[in-house]
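Read the structure below first, then the notes.
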Amino acid sequence: MTDIGVPVLRSSRSIAWARRRAAWSRGWAIFRRQRSGVVGVAILVIFVVVAFAAPFIWPASDLDISRATGPILAPPSWSYPFGTDNAGRSVLTLVAWGTRVSLLVGVAATAISMIIGTLVGIASGHYKGLIGASLERLTDWFLVIPFLPLAVVLATILGATLQNVIIVIGITSWPSTARIVRAQTLSVEARPYLERARALGAGDWHQMRRHVLPNVMPLVLANTTLTVAVAILSETTLAFLGLGPSDKVSWGSILEDVFNGAGISQGAWWWLLPPGLCVVVVVLAFTLVGRALEVVVDPRMRGR
Amino acid sequence: MAVVLPDVEPPPGPAVPTRRRRRRRRAAGESLGVYAFKRTLIGLGTTVFVIVVNFFLFHALPGDPLANYTRGRNVDQDQIRALRKAYNGPLWDQFTHYIQNPFSSRIDSARFSQPVWQVIGDHVWPTILLVGTATVLSTIFGLLIGIRAGWTRGSRFDKWSTAVTLLLYSVPEFWLGMMLLIAFSTGVGPLPAIFPSGGMHSADVDPTSLAGVWDTLKHLFLPCATLALVYLAEYSLVMRASVLEEKSQDYLTTARAKGLRDKMVRRRHAVPNALLPSITLIFLNVGFIISGAVTIETVFSWPGLGELTFQAIGGPDVPLLQALFLLFSVAVIASNVIADIVVAAVDPRTRS
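Pasting the structure below:
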């Protein structure tokens, strides 16, 4: 653990890089030992491949209702492995294309939420006076506004486009990240080396960027994967309520079609099952990866 | 690696606090009454914030709110004048008009042509019935599963229940609802269609009669089971984690050393101490479930607040949506305050 076999060192920067590399490989070794986390990564790789490959395997014209060629509400068969929907489109094609929107929204919304959450969290932990207190209050307030009604109202106001759905999910899901980051910032700032940095005349920006941020990042990373899972569930819910982009197929919009297109009373289980199952599997994969990363980040979790 | 911290939880003493414990409690923090008062004040502050947000959020709506609101409705000139005063004019005037009484909007719902709070009042009870039953069921089963899984960690029961609860935790609840609906209401393959497809009552049954109660229960079963399953997953995961946390504490070794049977150690010592995080979560969730039931109520056409929200989105029926947003937020804030006070009453350490 202590000796990592560092080659000849010249500058403090190269020491830092060598140490960082060693920390990453140590983290990866711990991660690899957790089977569930590895399974999660494998599942995610498969879905990412499907998302990128979808346009090449299933042409976009197959999504067009007016040009659908299949039988209406046909159960699974050799030519339509997942059956067809009420317009004669292949459910397999819909689900494959839906992967793109669901993953995109999940990742992009999480990026927004992470950036806001990290900035607000570090700033509210670092600045002591009025700024810190008001940022903390703001976080607490946003934390109690129920997510779904706020997202519904925002989506209604902004209008249902892909970009707006990403923004809505992003700006409604940052407070929990901010709270975690703030707690970590407070604990980092209490350590002696920050006192040293301050004594040497480090400014606020330098302290936050060079000392606090690197210490907060692993935690943010572990939190990120869990947030992606929540963001994908949120996208599905918004799309189901008819607040998703109307020109894009996502897993949520397929479920909306099932509900509005009488798929349930027709007993079209092949139409209902695949999109929901995809959501479950991807969300589960992100959760597993997130839990495994938490173990990497937090030594107390080991052996649980 | 494992550093044993000196502040091991004291073994649970007799139910009545002795004089020594009471004195220490007073020294450690303020009295429960003062704490509850402060906490309520903070809650009220948050409510004011929500009211202000609510105003500005809806005034960011594009287009002419008056035109949106009156479209397709019969409105006489007097009403238009009153509405114009409420909706047009300088922002500050609108704000003072709104802030005077945000809870008794005299403006009608665009969809129902009734005062919004009257519409909401009609839809409150079905939601309370649904959410209340689901909360009770998910609490009981979630805690029982979590306790058993945590206590027998690594057993077959633990592995299976953790896998199933993690799975349920990842399920979009409306999809689970639709799956149950297609399985037990439409009937797929060998599955019988034994439950009604939606709503709260059948048309031909008097809801106050015995047969009517039975009928309502049958309508309640599927939406309630869906909600309960989804929330049960969360509770059992949290309960399992906190039972695991308590399991390694020294006072359990002490209890065993006294010669208590395993069952008694669990029931008398471990579980009461492990309950706290779950209790907090359950109280916190009540507020969220009310607003989170939007999709479930939509799927099952359950005539509650969630289904009302869905209808309000469709318009969009802005006055109704505004009132619902306020109501949901206040529900969450209130359940937050109650959760904090309950936890403080149970565990004085959290009061600092």
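From first to last, the protein sequence lines stand for chains H and W.
Residues in the first sequence are numbered consecutively from 1, following our numbering.
Residues in the second sequence are numbered consecutively from 1001, following our numbering.
Backbone N, C-alpha and C fix where the C-beta goes; we use that ideal spot for every residue, glycine too.
Test: residue i CB closer than 7 Å to a CB of chain H
i	result
M1178 (chain W)	yes
F1141 (chain W)	no
N1285 (chain W)	no
I1333 (chain W)	yes
R1026 (chain W)	Confidence is the limiting factor: at R1026 (chain W) the pLDDT is only 46, short of 50, which leaves the residue's position unreliable, though a coordinate-based value still follows. No, its Cβ sits nowhere closer than 7 Å to a Cβ of chain H.
T1295 (chain W)	yes
S1202 (chain W)	no
L1168 (chain W)	no
R1022 (chain W)	Any reading at R1022 (chain W) needs caution, since the residue's pLDDT is 46, under 50, leaving its predicted position unreliable; the model's value is listed next. No - not a single Cβ of chain H is within 7 Å of the one on R1022 (chain W).
V1337 (chain W)	no
T1355 (chain W)	What is shown of chain W runs 1001 to 1352, which leaves residue 1355 (chain W) out entirely.
P1012 (chain W)	Because the pLDDT at P1012 (chain W) is just 44, under 50, the model does not fix this residue reliably, and the value given afterwards should be weighed accordingly. Answer no: the Cβ-Cβ gap between P1012 (chain W) and chain H never drops below 7 Å.
P1126 (chain W)	no
P1316 (chain W)	yes
Residue interval of the alpha helix (DSSP H) (run including residue i)
i	result
Y127 (chain H)	No alpha helix (DSSP H) contains Y127 (chain H), which DSSP labels as neither H nor E.
N1336 (chain W)	1318-1346
F56 (chain H)	35-57
L186 (chain H)	175-189
I254 (chain H)	251-260
M217 (chain H)	213-240
I1296 (chain W)	1294-1299
Q1311 (chain W)	1305-1314
T1127 (chain W)	1116-1151
I171 (chain H)	162-172
V1164 (chain W)	1156-1169
Y193 (chain H)	192-199
Exposure of residue i, with buried meaning 16 or more beta-carbon neighbours within 10 Å
i	result
V1343 (chain W)	buried
G1259 (chain W)	exposed
R35 (chain H)	exposed
A1339 (chain W)	buried
T225 (chain H)	buried
R304 (chain H)	Unreliable placement is indicated for R304 (chain H), whose pLDDT of 46 sits below 50; the coordinate value is still reported in the next sentence. R304 (chain H) should be labelled exposed.
P1014 (chain W)	Residue placement at P1014 (chain W) cannot be trusted, given a pLDDT of 41 that sits under 50; what the coordinates show is reported in the next sentence. The residue in question, P1014 (chain W), is exposed, as its Cβ has fewer than 16 Cβ neighbours within 10 Å.
L73 (chain H)	buried
F52 (chain H)	exposed
L199 (chain H)	Residue identity differs from the one stated: residue 199 (chain H) is Ala in this sequence, not Leu. With fewer than 16 other Cβ atoms within 10 Å, it is exposed.
W1356 (chain W)	Since the displayed chain W opens at 1001 and closes at 1352, residue 1356 (chain W) lies outside it and no answer follows.
P214 (chain H)	exposed
H1269 (chain W)	buried
Residue i at chain W interface by Cβ criterion, 7 Å
i	result
W141 (chain H)	yes
V279 (chain H)	yes
I116 (chain H)	no
F240 (chain H)	yes
L233 (chain H)	yes
S265 (chain H)	yes
G276 (chain H)	yes
P55 (chain H)	no
W269 (chain H)	yes
M1 (chain H)	In this predicted model, M1 (chain H) has a pLDDT of only 47, less than 50, meaning its place in the structure is not dependable enough to derive any value.
I169 (chain H)	no
I145 (chain H)	yes
V297 (chain H)	no
T224 (chain H)	no
V91 (chain H)	no
V216 (chain H)	no
T237 (chain H)	yes
Rounded Cβ spacing between residue i and residue j (contact assumed at less than 8 Å)
i	j	result
Y1169 (chain W)	A1233 (chain W)	4 Å
F286 (chain H)	A229 (chain H)	4 Å
W251 (chain H)	G129 (chain H)	The pair is not a contact, with the Cβ atoms about 46 Å apart (cut-off 8 Å).
F1174 (chain W)	V1299 (chain W)	5 Å
V105 (chain H)	A202 (chain H)	Not a contact, Cβ separation roughly 39 Å.
Quick one: any contact between the stretch 181-201 of chain H and the stretch 67-82 of chain H, if contact means 3 or more CB pairs under 8 Å? no
Assess, as a yes-or-no matter, whether the stretch 1319-1326 of chain W is touched by the stretch 161-173 of chain H under the definition of 3 or more beta carbon pairs within less than 8 Å. no
Should the stretch 133-145 of chain H be regarded as contacting the stretch 237-248 of chain H, the criterion being three or more beta carbon pairs within less than 8 Å? no
How about the stretch 1279-1296 of chain W and the stretch 1240-1250 of chain W: do they share at least three Cβ pairs that are nearer than 8 Å? no
Quick check: the stretch 262-282 of chain H against the stretch 86-105 of chain H, are at least 3 beta-carbon pairs closer than 8 Å? yes
Can you confirm whether the stretch 1215-1225 of chain W touches the stretch 1129-1144 of chain W when touching is taken to mean that 3 or more C-beta pairs between the two stretches lie within less than 8 Å? yes
Is the stretch 1116-1124 of chain W touching the stretch 1213-1221 of chain W, taking contact as three or more C-beta pairs under 8 Å? no
Would the stretch 259-278 of chain H and the stretch 169-184 of chain H be scored as touching if the rule is three or more Cβ pairs under 8 Å? no
Taking 8 Å as the threshold, find out whether the stretch 265-276 of chain H comes into contact with the stretch 1177-1189 of chain W through three or more Cβ pairs. yes
Segment contact flag, the stretch 62-71 of chain H with the stretch 85-92 of chain H, C-beta cutoff 8 Å, min 3 pairs: yes
Should the stretch 283-298 of chain H be regarded as contacting the stretch 32-50 of chain H, the criterion being three or more beta carbon pairs within less than 8 Å? yes
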